[in-house]
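Numbering (the UniProt record's numbering), first residue to last: 1 to 955.
Structure representation (structure tokens):
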């Protein structure tokens, strides 16, 4: 055209500038710009507009602004020019400059602003999510009288919804005079995106009921299906599916993908599969939606089957596909069985996906797979290979170290992350606090708590969910570290509590043996209309089991399915079996085991775990018949389970069947079976863990420790302590048994703690006879007061002799000891409670558990009931019986006489303490070696009652 001498006019130049902007070729655009100025056409408004758009799309924002600034004064009030330059700045997300130009445009006063331009500027406020500018524009619209325009109303609805103000969005929507489909789509999508699922569904039904002339389109159905997915409203989802079929949109791939997601989130995976199979053209989103559905519903096997079909169909998985399937391999349900599949997918990624095409989310998913499956060395290699790490990458590596017990490395990762200046989020703090609770480090948890307070005060977490997650982690950390008072303090200061907050407190109180407080919190949780989950009921059932509340435990167990629609899991059945077993109702426990096996027969490991719970209870109660039967059931499936053999051997030994015990030991020795972990105790002092095993002589302070231990034993014997040798399951004489229990790891750890406490250090011991112990570090040693209830003072499991020794330590009466077994923490209540509070606590307890016939104290049911009633009389809540029975005809009568004598002595009558020993001999309800329990609870003089020849061997 130029060669032929024909000069291009403004229309040709406009088309050429548009083409150059689409190509992104600024060189051609500049040549055209020069040609337009040379020919004089460049002064025209349309050419100026095309030049600004060309420079904007080519990324030269300053050149576009220069074109605008060079506009002659005569064209300065042209609305098209102003609209174009403002849209250019909006396109580049330069919000401040765009709104500054809008203000300049308004200040001219002669430019006519159209409805479309107002809609465009409101849309810019929506994208910028700047509430301030949007409200200013809204006020200008009202002033200009354009609020009734549908296009402006729709833009305002979208703006307020994106800014999170659904109330204003709904108000603007209802004031639109003539609503169209876009109006309904905007308000439904806005409510759905802000979590107002019920409102979104109601608006859709309003559209069908009132706006009969309007038909929902694809966008409408997508928004309402997303709302139904969020609310898990299956009934509404089926109705919408029917509307979609009537509208003829069921074949649309996008709609089908939303239906798959909706049915998956409503736990109807088979329906999601039917929709997936009916889709004629499946895109990557279809495959990913179905993979995600299987993942959300725990169908891990189907995930890998579908992934193979995806590969065979020729569909290349994307980063989202890899993230879904790798997360499945790292879930708790996978239990390492799908790790090999995850490694194969890792190999596929290395082979077929270039490093440039690999997103950080996929790299994090690979790292998470190895970390959650305890493959720390592989996780470290992946971690080092990731070039651009984000906060989540560091968090995953930190969590992997924590799960593997490498707490020092977890803290090292945090310090390195902090050193590099990476921001710490709520997940970082949750992982750190969880690591502190796993290693039982109260002192370190306190330090991180202070760091979190400082961090929140400096930068702050604006999202309430983040703060809620941190508070829940703090509650769990303090409870697991033995400081339930600190956990309660954090809980009370929370402005918002969710089900996890209440569950953490309920479980914490249950593990501390504080059943009354645990159940009170559960009742308050119900009053606050918060629906408990399965973990909540685990805490409630644990509390009932520790307190012997059989009937209440059964009622809570039944309410799971009847009142809350929760299906009890194998863990809940195990808790109820433990509840029956602790109360001595082994027949009921065995029946429940058989019921659980019927329900979970497909899971053999779960069935065996129920028998193991029963076997452990039989071992505690020394019930040979039930114990042998449970052991045989376990050994049928796991003939080389060392734990079962050890419990069975101990059960034989406790029953005096030494030949059978030796036969089991010989069989274990021949098969090479032995205890996997030696029982030990440890305490932290001077930022170092000091570990002890029974008879340990490896500690540098061994001489001082044994001297201290001898002093402890001598002091306890002076208070009337008699070594409890019945738990020494060896066929040796009493002197050897006393020697064996005299240097248990718990006593060695406490002796070291007492030595070290003299130098200003503090510590807390966690004893457990079967598993390695964890010390709650830098906490004060708390020795239980003899004036406290025995049920509060001693653990319900562990070495009984060690428990009694620790309860009677006379050297440091001002200190206190927190004990924890594998099952529970036992922190005695402080003695500084006011008498009024103690009375109210006893009054509540008397209604709940103290006068419950199902309650079994470690000394036996009758003695446990006696101690409970004695506590009420001591605190002035109950009265003494007017008449004490002396008729000793039956076991029941002997118990009544025993009880009457105890209560009369407690009231201060002139009865000798030796008379109580004589009553014990006649009643035959308690072993002489257990007499110290009773006197600690009743606050009587031990030495008078434990004189030689006070009583003979009981009946």
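From the three backbone atoms N, C-alpha and C, an ideal C-beta is built for every residue, glycine too.
Residue 65: first and last residue of the uninterrupted alpha helix (DSSP H) it sits in: 61-69
Euclidean distance between Cα positions of residue 885 and residue 609: In this prediction, residue 885 scores a pLDDT of 38, lower than 50, which makes its location untrustworthy; no coordinate-derived value is stated.
Limits of the unbroken beta strand (DSSP E) element including residue 689: 688-693
Through-space distance from residue 329 to residue 645, alpha-carbon basis: 33 Å
Identity of the residue in 455, 482, 508, 305 nearest residue 472 by Cα: 508
Span separating the alpha-carbon of residue 14 from that of residue 25: 15 Å
Unbroken alpha helix (DSSP H) run spanning residue 39, endpoints: 26-39
CB contact flag (residue 124, residue 96, <9 Å): no
Stretch-stretch touch, CB-based, cutoff 8 Å, three pairs: the stretch 187-195 with the stretch 218-238: yes
Residue range of the alpha helix (DSSP H) that includes residue 274: 269-278
For residue 642 and residue 164, the rounded distance between their alpha carbons: 59 Å
Contact under 9 Å by Cβ, residue 406 with residue 376: yes
Helix, strand or coil at residue 681 according to DSSP, with G and I counted as helix: strand
Pairwise C-alpha distance: residue 275 and residue 308: 19 Å
Beta-carbon proximity check, residue 553 vs residue 541, cutoff 9 Å: yes
Nearest residue (CA-CA) to residue 352, options 317, 144, 331, 184: 317
Three-state secondary structure assigned by DSSP to residue 114: coil
Buried or exposed (CB count within 10 angstroms, at least 16 for buried), residue 632: exposed
Test item: CB-CB of residue 257 and residue 283 under 9 Å: yes
Residue 79 and residue 119 closer than 9 Å at C-beta: no
Beta-carbon gap between residue 518 and residue 510 smaller than 9 Å: yes
Three-state secondary structure (DSSP) of residue 258: helix
Cβ distance (whole Å) where residue 58 is taken to contact residue 29 below 8 Å: 6 Å
Residue 272 Cβ short of 8 Å to the ligand SAH heavy atom set: For the ligand SAH, the structure offers nothing, since it holds no ligand at all.
Coarse secondary structure for residue 532, derived from DSSP in three states: coil
Residue 202, enclosing alpha helix (DSSP H) - first and last residue: 197-209
As assigned by DSSP and simplified to three states, the class of residue 147: coil
For residue 307, the three-state DSSP class (helix, strand or coil): helix
Exposure of residue 204, with buried meaning 16 or more beta-carbon neighbours within 10 Å: buried
Distance between residue 482 and residue 416 (C-alpha atoms, nearest Å): 29 Å
From 563, 516, 105, 628, residue whose alpha carbon lies closest to that of residue 529: 563
Residue 315 beta carbon less than 9 Å from that of residue 362: no
Unbroken alpha helix (DSSP H) run spanning residue 509, endpoints: 499-511
Residue 360 beta carbon less than 9 Å from that of residue 389: yes
Through-space distance from residue 36 to residue 11, alpha-carbon basis: 11 Å
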